[in-house]
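*Asks:*
Numbering (this note's numbering), first residue to last: 454 to 759.
1) Pull up the DSSP beta-bridge partners for residue 522, would you.
2) Got a sec? Which residues, its chain only, sit under 8 angstroms from residue 488 by beta carbon, not counting five neighbours each side?
3) State the DSSP-derived secondary structure class of residue 668, mapped to helix, strand or coil.
4) In the DSSP assignment, what residue or residues form a beta bridge with residue 569?
5) Is the number of C-beta pairs between the stretch 673-687 and the stretch 605-617 that are closer than 8 angstroms three or more?
6) Out of 579, 729 and 518, which one is the CA nearest neighbour of residue 542?
7) Considering Cα atoms alone, identify which of 469, 492, 530 and 702 is closest to residue 555.
8) Could you check the C-alpha separation between residue 533 and residue 569 for me, to the nearest Å?
9) What residues in its chain sit with their C-beta under 8 angstroms from that of residue 459, if we drop five residues either side in the sequence?
10) With DSSP as the reference, please indicate the residues paired to residue 634 in a beta bridge.
11) For residue 760, does the three-state DSSP call read helix, strand or coil?
12) Of all the beta strand (DSSP E) runs that stay within the bounds of the stretch 527-584, which reach a length of 3 or more residues?
13) Leaving aside the five residues before and after residue 698 along the sequence, list all residues of the same chain whose C-beta is less than 8 angstroms from its C-beta, in chain order.
14) With a threshold of 8 angstroms between beta carbons, is residue 671 in contact with chain C?
Okay, structure coming up:
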C-alpha cells in the first residue's frame, strides 16, 4: 500500500478523538485499515474515514503511528507492508510495529437500513450541539445522558438532566416513528468532525452563494436484531456510526408551561455576584440555589444540610 503522508496523517488526526485513552479492550487503541477506509471507535461510536489507497487490511497503533507521521514531510510517499510486523517506509527512513489480527477488531457489519434521509447539516448539528450541554452526566438515568430527536414534520431536539432542559424545533425532517436518543459523547464527536472537515462541493456562482450554500448530511437509522439501533451520519469523506440509547425519553413539550412565562429584568453581574456568594453554602446542599421574586424584588438563597 502506498499513500501520501499528508493524507494518512489527516485521516489519523480525524480519528484521534474517538480512540479511547483508557479501555478494557486494548485492541481499540488501534486503527483498522480496511477496504478503502480507516476506522476507529470506542464501542459507543465508530468513525470511518475514506482513504481509497487502503488496499490491504491491517491494524496500526494509533498513538505511535501518529507521533511518527507528525515528523515525516507531508509530501513524502509512505509504503506500508504487513508480514510478521507492520512496516512503514519512506525516503530516508522506516519504522516497524508489532501487529494484531484485523479480524480481532470489533466488527462493523452491514446492517439493515430502517430509515434514510438527507438534510442541512449545519441546522441539525448546531441544534444537537446547542442542547447537548444540558444532558445528564451521571449514568443513573441513561436516557437523560443523550440528545433526543422527536419525530414530526419538523424535528424537535431536546436534552435535560432532571433539573434543567433545552428544547428547540428545527426546520428539517427525518421520517422516524419514535424518538431517537443520541449519546452526548457522539454529539460532541460529530460536531468536532463537522467543523474539521470541508465539504466535497459547494453550489453557487458567487462567493456569497457558496458561503450560504447548504452542506448536506446523510442520516441512516439501522436496526440489528438483539442490539440497540444505530444512527449512521455521513458527510464528505467521514461516516459516524453511533449506537443509540435504548429507552423512552420524557416528553419535554409537556414540561413547557402553556401560560405566558414570567419575565424578570435584571443586571447579569448582580445575579452572578449573588450566586457566587452562596456557592459554598449551595455546595453543601445538593448544589441548589433558589430564586424567589415579588413584584419588584428577587431573593437569591441557598441552604446547606447543616
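Glycine is no exception: its CB is placed at the ideal position from the N, C-alpha and C atoms.
*Replies:* The answer reads as follows:
1) The residue given as residue 522 occupies position 69 in the chain shown. Beta-bridge pairing links residue 522 to no other residue.
2) Looking up residue 488 in the chain shown gives position 35. Result list for residue 488: 507 and 510, in chain order.
3) To locate residue 668, count along the chain shown from 1; it is residue 215. Coil at residue 668, not helix or strand.
4) If you number the chain shown from 1, residue 569 lands on position 116. According to DSSP, residue 569 bridges with 673.
5) no
6) The residue given as residue 542 occupies position 89 in the chain shown. Looking at the Cα atoms, 518 is the closest of the given residues.
7) Working through the chain shown from its first residue, we reach residue 555 at position 102. Nearest option by C-alpha distance: 492.
8) By one-based count along the chain shown, residue 533 stands at place 80. By one-based count along the chain shown, residue 569 stands at place 116. One C-alpha to the other measures close to 37 angstroms.
9) Your numbering for residue 459 matches position 6 in the chain shown. Within the same chain, residue 459 has close Cβ partners 527 and 528.
10) Position 181 of the chain shown, counted from the start, is the residue given in the question as residue 634. Residue 634 is bridged to 601.
11) An answer regarding residue 760 cannot be provided, because it is not within the stretch 454 to 759 covered by the chain.
12) 530-535, 539-543, 546-550 and 565-573
13) One-based indexing of the chain shown puts residue 698 at position 245. Excluding sequence neighbours, residue 698 sits near 595, 596, 598, 599, 634, 635, 636 and 681.
14) Given the protein chain composition of this structure (a single chain), no chain C is represented.
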